[in-house]
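Below: one structure, written as structure tokens.
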Amino acid sequence: MNDLRQRQNVVCELKLDFDNAQLHNGKMLVAVHGINFKYVEKEFLWQESLEVEIRSGERIHVRGDNDSGKTTFLRLLIGDLQPTVGQIIKSDFFFVYLDQEYGQVKTSKTILELAQQYNRRNLLDHEIKLRLHRVLFPKEMWDKPCRVLSGGERIRLYLCCLMISNHMPDLFILDEPTNNLDLLSLDILTSVIRDYQGTLLVISHDRRFVEEIGVTKTIELKKAREELTL
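Here this note's numbering is used: the first residue of the sequence shown is 12, the next is one more, and so on.
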């Protein structure tokens, strides 16, 4: 992999030119008190109810075996699911959740239409197109439906959309973001996340990616009848 990276002809360097997250480090974003969850006719996911704090500025790696409830844990945090028991207290902050399928980009809109949708600061049309060029979307691709893009193309387009919107999240939540990425897209994602100045919560089995993004805290989830360790 290292040899491949060195031989890779990198033709694009993405630099996100928007503001950093504005929250001061150490602010309590999420407090999890005694939560547990179970699906219908299933047992609780975790033997011990979870007690977790997420503070601004932390870079947290959520890890665990398959079926240990990692994605469910994220969905509980963002409110897609409600805990069966316990309570989640959240302060007021802006977050972005990037799921494994890059769902924000899985749409019938074209590449250019999606980029224009994120143009909340009224950039001129040529400025949007320039940013698309910077992430390897030339003119002949602008009418391509987003739903047919590869994983690498989707992650590049979504990062470009964030750059266009200039609205950096206070909390960036990533669920296995490196799955199905080509080397160039993986390098771009790693660079962007490493430079991101905000709070990070990531599920990943990619050890190199986890090391390079500067994780400061780990939450390890284990299946029922095992313990949760922080």
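Think of the CB as a built atom: it goes at the ideal place given N, C-alpha and C, for glycine as much as any other residue.
Given a threshold of 16 other Cβ atoms within 10 Å of its Cβ, counted over all protein chains shown, does residue i qualify as buried or as exposed?
i    : result
E238 : Caution is warranted here: a pLDDT of 46 is assigned to E238, below 50, making its placement in the model unreliable, and no coordinate value can be reported.
M39  : exposed
I224 : buried
G162 : buried
E164 : buried
N47  : buried
R142 : buried
Using CA atoms only, rank isn't needed, just tell me which of the options is closest to residue i.
i    : options               : result
D154 : L88, S119, E112       : S119
V51  : L92, V203, N36        : L92
D186 : G114, S60, T95        : G114
D78  : F105, E69, I100, K53  : K53
R218 : L232, T189, V146      : T189
R145 : R167, Q128, K49, H44  : R167
I175 : L125, H44, N130, I204 : N130
For residue i and residue j, what's the separation of their Cα atoms in angstroms?
i    : j    : result
I230 : I65  : 10 Å
K234 : L56  : 6 Å
S102 : A42  : 9 Å
L200 : S60  : 33 Å
G80  : H137 : 44 Å
F148 : G97  : 46 Å
V221 : T210 : 14 Å
S215 : S202 : 16 Å
Strictly by DSSP, which residues pair up with residue i?
i    : result
T121 : P156
M39  : R66
I46  : L61
Q98  : H44
| Do the stretch 117 to 131 and the stretch 84 to 103 make contact, defined as three or more Cβ pairs closer than 8 Å? | no
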